[in-house]
Amino acid sequence: MRFSTIAAALALTASLVDGHGLVTKITGANLVVMPGLTVIAGTRRDCQTNQCGSQRDSAIIRDAEIKAGKAATALGRTQGGGPVSAAKAIANFMGGTGNSTTGVNNPAGQTNGKTAGTNLQGRAAAKAPPAKPKAENQANVTDTSPAALMPGVGAANGMPTCSDTGVITMTYHQINGDGAGPLVAKIDAFSGGISPEAFVVAKMIKNVPGTGGNSKNTMTDFDIAVQMPEGMVCGATVAGVSGVCIVRVNNAAAAGPFGGAAAFIQSPRAKKRALEFQRLKKRHYARGVVARNPIGGAEANWE
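Here it is in structure tokens:
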């Protein structure tokens, strides 16, 4: 009995260590780059274990915890920062008092834990290992020192935007095994990431490879993209910024789910398209062309 209890505990510990992934940044159609809402300054991207600290800013997003109040918000919690707060992250980015847990990944001038410009003389003779096949949607370069993600950048440049067609572009960092895809996406247009009921299912149009949240990829960045639902208008006011939407992605790993989130606003054209879609739909309602079928109970709040 005692042996089985110990074995179960070891298995649980192993499952908690061998996973995680997160949104490290969102790149707006307006070229504004902002950290993901869970990102913690100084978190290593050059290792993959819990012991090295690389998993501390990956969100653990469990419906049961969110309902019980353990996660505090619908964005989940991280090992290093606790409940994820969109308001603190946005305040930090916009130059307010902010959240000390949000910022650049590594100190400037460092790449994969080593100072840039390290002398490699004496290693040239070593034969380079064969290049691994590039995974689907793998980013060209794994971002280890994103200087553009310094706190306060938004004070001058504003928030990142979706495209004019409502596409959100992000970077997802798979730490190790069960931080893989496929990811599912939801968008909150009016609660600032607080209310689970505010999140509406959105389509992943560029995803992370994997099966059930697992793959052989480790310490790898992936380009991901999410399509906003038609007619959705970003309407939350968060940390003094109006018109904010929160996008959340997560996988289905048994030890998780793991994932992350990002904040954005709509481009003027994207908002215009959404409002036109709403007006057209209302006319169809009035004429009986389509039936009323609010999605996730949130459609009334898009207006």
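Quick note on numbering: the sequence shown equals residues -19 to -1, 1 to 284 in mature numbering (1 follows the signal peptide of the UniProt record, and there is no 0). Each residue gets a CB set at the ideal place from its N, CA and C atoms; glycine is no exception. Since the structure is predicted, the reported quantities are computational estimates derived from the model, not experimental observations.
Identify whether residue i lies in helix, strand or coil by the three-state DSSP scheme.
{"i": "Gly241", "result": "strand"}
{"i": "Leu256", "result": "helix"}
{"i": "Ile276", "result": "Reliability of the predicted coordinates at Ile276 is poor, the pLDDT of 44 falling under 50, and the value obtained from them is presented with this limitation in mind. Ile276 falls in the coil class under three-state DSSP."}
{"i": "residue 338", "result": "Because residue 338 is not part of the residues shown, which for the chain are -19 to 284, the question remains open."}
{"i": "Arg26", "result": "coil"}
{"i": "Val207", "result": "strand"}
{"i": "Arg264", "result": "helix"}
{"i": "Lys167", "result": "strand"}
{"i": "Ala217", "result": "strand"}
{"i": "Val189", "result": "coil"}
{"i": "Ile227", "result": "strand"}
{"i": "Asn195", "result": "strand"}
{"i": "Ile71", "result": "helix"}
{"i": "Ile175", "result": "coil"}
{"i": "Ile21", "result": "coil"}
Run through the DSSP bridge pairs and tell me what residue i is partnered with.
{"i": "Arg58", "result": "Ile41, Pro64"}
{"i": "Gly139", "result": "Answer by DSSP bridge pairing: none, since Gly139 is not bridged."}
{"i": "Ala10", "result": "DSSP output for Ala10 lists no bridge partner at all."}
{"i": "Met15", "result": "Ile7"}
{"i": "His1", "result": "Looking at the DSSP assignment, His1 forms no beta bridge with any residue, so it has no partner."}
{"i": "Met200", "result": "Per DSSP, none; premise fails for Met200."}
{"i": "Thr152", "result": "Lys6, Asp204"}
{"i": "Val134", "result": "Beta-bridge pairing links Val134 to no other residue."}
Residue i: which of the options sits nearest, CA to CA?
{"i": "Phe239", "options": "Gly57, Ser66, Ala45, Gly76", "result": "Gly57"}
{"i": "Lys184", "options": "Met209, Pro177, Ser172", "result": "Met209"}
{"i": "residue 316", "options": "Ala55, Val13, Asp38, Ile47", "result": "Absent from the structure is residue 316, since the part of the chain shown begins at -19 and ends at 284."}
{"i": "Gly194", "options": "Ala136, Gly221, Ala234, Gln60", "result": "Ala234"}
{"i": "Thr24", "options": "Gly50, Asn232, Gly62, Ser144", "result": "Gly62"}
{"i": "Pro16", "options": "Ala243, Cys28, Leu261, Ser66", "result": "Ala243"}
{"i": "Thr123", "options": "Asn11, Lys6, Thr30", "result": "Lys6"}
{"i": "residue 285", "options": "Thr199, Gly173, Asp145", "result": "Nothing in the structure corresponds to residue 285, since the chain is present only between -19 and 284."}
{"i": "Ala120", "options": "Gly139, Thr150, Pro132", "result": "Thr150"}
{"i": "Val20", "options": "Val65, Asn157, Arg250", "result": "Val65"}
{"i": "residue 364", "options": "Asn31, Leu12, Ala53", "result": "With the chain covering only -19 through 284, there is no way to say anything about residue 364."}
{"i": "Ala40", "options": "Val148, Thr201, Leu3, Leu261", "result": "Leu3"}
{"i": "Ala68", "options": "Gly191, Ala217, Ala49", "result": "Ala217"}
{"i": "residue 285", "options": "Val222, Asp44, Val148, Gly139", "result": "The chain is shown from -19 up to 284; residue 285 falls before or after that span and cannot be answered."}
{"i": "Asp27", "options": "Gln60, Asn157, Glu46", "result": "Asn157"}
{"i": "Gln60", "options": "Leu261, Gly241, Arg250, Lys262", "result": "Gly241"}
{"i": "Lys187", "options": "Val148, Asp38, Gly139", "result": "Val148"}
{"i": "Asn11", "options": "Gly50, Gly139, Leu18", "result": "Gly139"}
{"i": "Gln36", "options": "Lys48, Arg250, Ala49, Ala22", "result": "Ala22"}
{"i": "Leu18", "options": "Leu261, Ser196, Gly174", "result": "Gly174"}
Keeping to the same chain, check which residues put their C-beta closer than 7 Å to that of residue i; ignore five residues upstream and five downstream.
{"i": "Val189", "result": "Asn118, Tyr153, Gln155, Ala161, Gly162, Pro163, Leu164, Phe203, Ile205"}
{"i": "Arg264", "result": "none"}
{"i": "Lys167", "result": "Phe180, Val181, Val182, Ala183, Arg229"}
{"i": "Lys252", "result": "Val214"}
Between residue i and the rest of its own chain, which residues show a CB-CB distance below 6 Å, the 5 nearest in sequence each way excluded?
{"i": "residue 295", "result": "Past the edges of the chain, shown from -19 to 284, lies residue 295, and the structure says nothing about it."}
{"i": "Gly224", "result": "Cys215, Ile246"}
{"i": "Gly9", "result": "Pro141, Thr142"}
{"i": "Phe74", "result": "Met15, Gly135"}
{"i": "Met200", "result": "Gln29"}
{"i": "Gly133", "result": "Gly76"}
Just to check my reading of the structure: residue i and residue j have Cβ atoms closer than 8 Å, yes? What is that Cβ distance to the nearest angstrom?
{"i": "Gly76", "j": "Gly135", "result": "7 Å"}
{"i": "Ile71", "j": "Val219", "result": "5 Å"}
{"i": "Cys226", "j": "Ala170", "result": "5 Å"}
{"i": "Asn232", "j": "Ala116", "result": "Not quite, the Cβ-Cβ distance comes to about 15 Å (not below 8 Å), so this is no contact."}
Tell me which residues share the same chain as residue i and place their Cβ nearer than 8 Å to its Cβ, disregarding the 5 neighbours each side in the sequence.
{"i": "Glu46", "result": "Ala52, Gly57, Arg58"}
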